[in-house]
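Protein chains: 2
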Amino acid sequence: MSRLEASAVNIGEVARRAKVSRSTVSYALSGKRPVSEATRQRIQRVIDEMGYQPNASARALARGETRTLGLVFPPAGSHYTDMQLDFIGGVAEAAAARDYDVLMSMADAGEEQSFQRLVGERRVDGAILMEIRLEDARVDRMLRTSFPFVTIGRVARPDDTAWVDLDHLTLVRRCVQHLSDLGHRHLAFVNRSEALLRAGYESARRGQDGFELAIRQLGLRGVAYPCDDDAMAGERLAERVLAEHPETTGIVTVNEASLGGLYRGLTGAGRTIPRDVSVTGIAGARWAEAVTPSLTAADVPAHEMGRIAIDLLLERIGDQRTPPRHQLLMPPIVLRASTGSAPVSSGDHHAPAGS
Amino acid sequence: MSRLEASAVNIGEVARRAKVSRSTVSYALSGKRPVSEATRQRIQRVIDEMGYQPNASARALARGETRTLGLVFPPAGSHYTDMQLDFIGGVAEAAAARDYDVLMSMADAGEEQSFQRLVGERRVDGAILMEIRLEDARVDRMLRTSFPFVTIGRVARPDDTAWVDLDHLTLVRRCVQHLSDLGHRHLAFVNRSEALLRAGYESARRGQDGFELAIRQLGLRGVAYPCDDDAMAGERLAERVLAEHPETTGIVTVNEASLGGLYRGLTGAGRTIPRDVSVTGIAGARWAEAVTPSLTAADVPAHEMGRIAIDLLLERIGDQRTPPRHQLLMPPIVLRASTGSAPVSSGDHHAPAGS
DNA sequence: TTGAAAGCGCTACCAT
DNA sequence: ATGGTAGCGCTTTCAA
Chain A
1 MSRLEASAVN IGEVARRAKV SRSTVSYALS GKRPVSEATR QRIQRVIDEM GYQPNASARA
61 LARGETRTLG LVFPPAGSHY TDMQLDFIGG VAEAAAARDY DVLMSMADAG EEQSFQRLVG
121 ERRVDGAILM EIRLEDARVD RMLRTSFPFV TIGRVARPDD TAWVDLDHLT LVRRCVQHLS
181 DLGHRHLAFV NRSEALLRAG YESARRGQDG FELAIRQLGL RGVAYPCDDD AMAGERLAER
241 VLAEHPETTG IVTVNEASLG GLYRGLTGAG RTIPRDVSVT GIAGARWAEA VTPSLTAADV
301 PAHEMGRIAI DLLLERIGDQ RTPPRHQLLM PPIVLRASTG SAPVSSGDHH APAGS
Chain B
1001 MSRLEASAVN IGEVARRAKV SRSTVSYALS GKRPVSEATR QRIQRVIDEM GYQPNASARA
1061 LARGETRTLG LVFPPAGSHY TDMQLDFIGG VAEAAAARDY DVLMSMADAG EEQSFQRLVG
1121 ERRVDGAILM EIRLEDARVD RMLRTSFPFV TIGRVARPDD TAWVDLDHLT LVRRCVQHLS
1181 DLGHRHLAFV NRSEALLRAG YESARRGQDG FELAIRQLGL RGVAYPCDDD AMAGERLAER
1241 VLAEHPETTG IVTVNEASLG GLYRGLTGAG RTIPRDVSVT GIAGARWAEA VTPSLTAADV
1301 PAHEMGRIAI DLLLERIGDQ RTPPRHQLLM PPIVLRASTG SAPVSSGDHH APAGS
């Protein structure tokens, strides 16, 4: 006996009630063929009456496109950051605005399981890959199969792929420059976790490159530390920095999740921000403003990055032949209350910025 | 070999190469009919060679199920909280473990657009609704069409629906109790935004109920304030509370996003936490630990809630006839550093530290 | 144990 | 301007 999802109205039923053929209903809906105003209205009335909506699976099968985009993000093991949520929000919003849905997939650079489903079973027309590594198996795979995709962050050979990324190198350099301008000579850099670094996360790598470059160019002293993505790690790291390099007066951090702990460690050790130690870096605006004193930082435009990723992806889907485009973002550093002149011993002035 | 290139491979091609019928290939894959070991292996070899994977749309159409679940969350206008991200992570993980995909949809209680796509076009087999209101049009609609769904939070008539929720009322009462035990007599309650309250967000409502109930039962004094979901609002609110009720020594907050600002406002006004003012409430563990001093709070088990939501939903999908189940969670209050005994002079008068 | 074929609901081509 | 119909790729009956 046949399955009876009777509730599901289909195009045939609409056609019958409107006394037209199924194709006419289809065309009335898509507008891909002229339909006389009279029949169009009659069809529309029936559709409204019956609450008809075309079945997405059937349409996808017939059209050969799902109008769904995949969003591949890392498993929770590595804790999510606030900016990732904003990013997801941006993606979902932009996709909806362009009449696409977003399918979430959790897969790290190694795992192929969930990933196979997305592209192998053609559940999506294209995909966005988060938390990219410099060498990334998923990227290689997509390139091989010429499956449309966009990465958040760049791989080692950035010209082959479409991506949107923060210019971590420049951003960190600017942070160092800012501290240097304020008279700080001894800096520390708080990076993402050692595991991420070792795995080749490009943002972690390039941030560190920027730090070391700037330190050299400006003739400063500076040490880079990896740090796990949580408050406790930040707190311990602050203690360690002060123990190993008590002369440190400026800190640059790209590790948003550890920020609260970093502050706590600093103040716990008797340092006042920004009187004794200035802190700056890259972070989501919400975190930058949640801490006291609020963080002078390059605010990650996560929401916008989501939007851009969608646009780049739709571009790829629409035209596979054009070489992929990229977008490198350099949000300005927003001055807040966590940076000020270096203490007199290492600078000249002593006037904290902001309050 | 041209392994993945061949994603355009379909079941017919596999059948031909294996010299069997398409149905045999299908059965070999699904195991719904015995297939001789010899042919099974032959088929498998061809599948491996060609990298065949069944097309999801076609399968969904034929089977009448998409093996996709919808996750409906509110547009970014109302700021996302950290716990929402954890929740999404939990949902995605649990779904993947059960061989389902998750489709994101952004729709608030009013908007039907994106929402229609999910359920109307049968893109998903069931849906999870976040940020529910006591009276929620989406819920009514799903009930009417008997579409399987689960809500995060309860509607006014909770017995009709499947849901997972925090017991905000009890949790807030416990917070008040905790402060009361520490000798605090004058409390303030920091709720979600006025807009959310007015819109009938159940968590905001019940939290406030719990506060007022506990205040009455314990014979305390207390005032409830709505607060927008950001640091600045928290800061302003702290100032307002101290201005209107300087005798306040205990604060209960369910507004995670404003927490950092609340702290800043308190300390900015010369109050030390927890010496002068104790703070406690409901929050994601990461936020509770990011602030200094870390927040004594009932930690929202967002990840677990995501998992539970998936389980409840699959239960609904599997069996529409059984009455819906619910789960009310009451995570314990984790003692951290933001609460302490009330100041000795508490009750009559308070001398600000900075005077 | 296997094959043939009828759908699933929609789109788009070929007619008229 | 409209109708008829052959697919899209898979599942699942019905037959052998």
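Which chain is which? The protein sequence lines are A and B, in order.
One point on numbering: in the working numbering, the residue at position 277 of the first sequence is 277, and numbering is uninterrupted.
When you read off a place in the second sequence, starting at 1, and then add 1000, the result is the number in the working numbering.
Beta carbons are placed, not taken as given, at the ideal position from N, Cα and C, and that holds for glycine.
Cβ of A/V277 less than 8 Å from any chain B Cβ?
No, no contact with chain B.
Go through its chain and collect everything with a Cβ distance to A/T68's Cβ below 6 Å, but skip five positions before and after it.
Residues D101, L103, V124 of the same chain have their beta carbon placed closer than 6 Å to that of A/T68, with the five preceding and five following residues left out of the count.
Chain-order list of residues whose beta-carbon lies under 6 Å from that of A/T296 (same chain, five-residue window excluded)
Beyond the five residues adjoining it in sequence on each side, A/T296 comes within less than 6 Å, by CB distance, of T280, L335, R336, S338, T339 in the same chain, given in chain order.
Residues that A/D82 contacts on chain B, provided the C-beta gap is smaller than 7 Å:
Taking a Cβ-Cβ threshold of 7 Å, the residues of chain B close to A/D82 are D1082, in chain order.
Do A/A257 and A/A238 come within 8 Å of each other at the CB atom, strictly closer than that value?
The answer is no: Cβ separation not under 8 Å.
Would you report the Cα separation of B/R1017 and B/I1310, rounded to the nearest angstrom?
CA-to-CA, the gap between B/R1017 and B/I1310 works out to about 40 Å.
May I ask which residues mark the beginning and end of the alpha helix (DSSP H) holding B/V1020?
That residue, B/V1020, is in no alpha helix (DSSP H); it is neither H nor E in DSSP.
For B/P1352, which residues of its own chain have a beta-carbon under 6 Å away from its beta-carbon, when the five flanking residues on both sides are left out?
In this prediction, B/P1352 has a pLDDT of 45, which is less than 50 and means its spatial position is unreliable; what the coordinates show is noted afterwards. Excluding sequence positions up to five before and after B/P1352, its CB lies within less than 6 Å of the CB of G1270, all in the same chain and listed in chain order.
When Cβ atoms are compared, which residues of the segment 1040-1058 of chain B fall closer than 7 Å to chain A?
If the cut-off is 7 Å between Cβ atoms, the segment 1040-1058 of chain B has Q1053, P1054, N1055, A1056, S1057, A1058 near chain A.
Is the shortest distance between the beta-carbon of B/M1130 and the beta-carbons of chain A less than 8 Å?
Cβ-Cβ to chain A under 8 Å: no for B/M1130.
What runs of the alpha helix (DSSP H), each 4 residues or longer, lie entirely inside the segment 1181-1219 of chain B?
Those alpha helix (DSSP H) runs which fall completely within the segment 1181-1219 of chain B and span 4+ residues are 1194-1199, 1202-1218.
Bridge partners - A/Q251, DSSP secondary structure assignment
It is Ile, not Gln, that sits at residue 251 of chain A in the sequence shown. Note: A/I251 sits in a beta bridge opposite A/A188, A/V279.
Among B/P1293, B/I1282, B/L1314, the one whose alpha carbon lies nearest that of B/D1299
Closest by alpha carbon: B/I1282.
With A/V164 and A/I317 assumed to form a contact (beta carbons below 8 Å), what rounded beta-carbon distance in angstroms separates them?
With 8 Å as the limit, A/V164 and A/I317 do not qualify as a contact, their Cβ atoms being about 16 Å apart.
How far does the beta strand (DSSP E) with A/V46 in it reach, from first residue to last?
In the DSSP annotation of this structure, A/V46 is not part of any beta strand (DSSP E); the continuous alpha helix (DSSP H) holding it starts and ends at 37-50.
Considering only residues of the segment 1080-1128 of chain B, which uninterrupted beta strand (DSSP E) runs meet the minimum length of 3 residues and lie entirely inside it, listed in chain order?
Correct list: 1101-1106.
Please confirm if B/Q1116 has its CB atom under 8 Å from at least one CB of chain A.
It does: the Cβ of B/Q1116 has a partner Cβ on chain A nearer than 8 Å.
Cβ-based contacts, 9 Å cut-off: residues of the segment 85-105 of chain A near chain B:
Going along the segment 85-105 of chain A in chain order, one finds L85, D86, I88, G89, G90, V91, A92, E93, A95, A96, D99, D101, V102, L103, M104, S105 with a Cβ nearer than 9 Å to chain B.
Taking 8 Å as the CB-CB cut-off, is A/M232 touching chain B?
Interface residue, yes.
Own chain, CB closer than 7 Å to A/Y27, minus 5 neighbours either side, in chain order
Same-chain partners within the cutoff: R33, V35.
Could you work out which residues of chain B lie near A/L61, taking near to mean beta carbons separated by less than 7 Å?
For A/L61, the neighbours in chain B by C-beta distance under 7 Å run, in chain order, S1057, A1058, L1061.
In whole angstroms, what is the alpha-carbon distance linking A/V176 and A/H168?
Going from the Cα of A/V176 to the Cα of A/H168 covers about 12 Å.
Is B/V1344 buried or exposed, if buried means 16 or more other CB atoms sit within 10 Å of its CB?
Under a 10 Å Cβ-count criterion, B/V1344 is classified as exposed, with fewer than 16 other Cβ atoms of the shown protein chains found around its own Cβ.
For B/E1289, would you say it is in contact with chain A, using Cβ-to-Cβ distances shorter than 8 Å as the test?
At least one beta carbon of chain A lies nearer than 8 Å to the beta carbon of B/E1289.
Below 8 Å on the Cβ atoms is my guess for A/Q44 versus B/E1121; work out the distance and round it to an integer in Å.
In fact, because the Cβ distance is near 17 Å, the residues do not count as touching under 8 Å.
Could you tell me which of A/D82, A/E93, A/D99 sits nearest to B/G1089, measuring between CA atoms?
Out of A/D82, A/E93, A/D99, A/D82 has the C-alpha closest to the C-alpha of B/G1089.
Are the C-beta atoms of A/P148 and some chain B residue less than 8 Å apart?
No, no contact with chain B.
What does B/T1267 reach in chain A if we use C-beta pairs closer than 8 Å?
Close partners of B/T1267 in chain A (Cβ separation under 8 Å): T292.
State the DSSP-derived secondary structure class of A/L134, mapped to helix, strand or coil.
Note: A/L134 maps to coil in three-state DSSP.
Selection from B/L1179, B/L1266, B/T1151 that minimises the alpha carbon distance to B/E1135
It is B/T1151 whose Cα lies nearest to the Cα of B/E1135.
Taking the continuous beta strand (DSSP E) assigned at A/R59, which residues delimit it?
A/R59 -> not in any beta strand (DSSP E); alpha helix (DSSP H) instead, spanning 56-63.
Report the three-state DSSP secondary structure of A/D165 (helix, strand or coil).
In this structure, A/D165 counts as strand in the three-state DSSP scheme.
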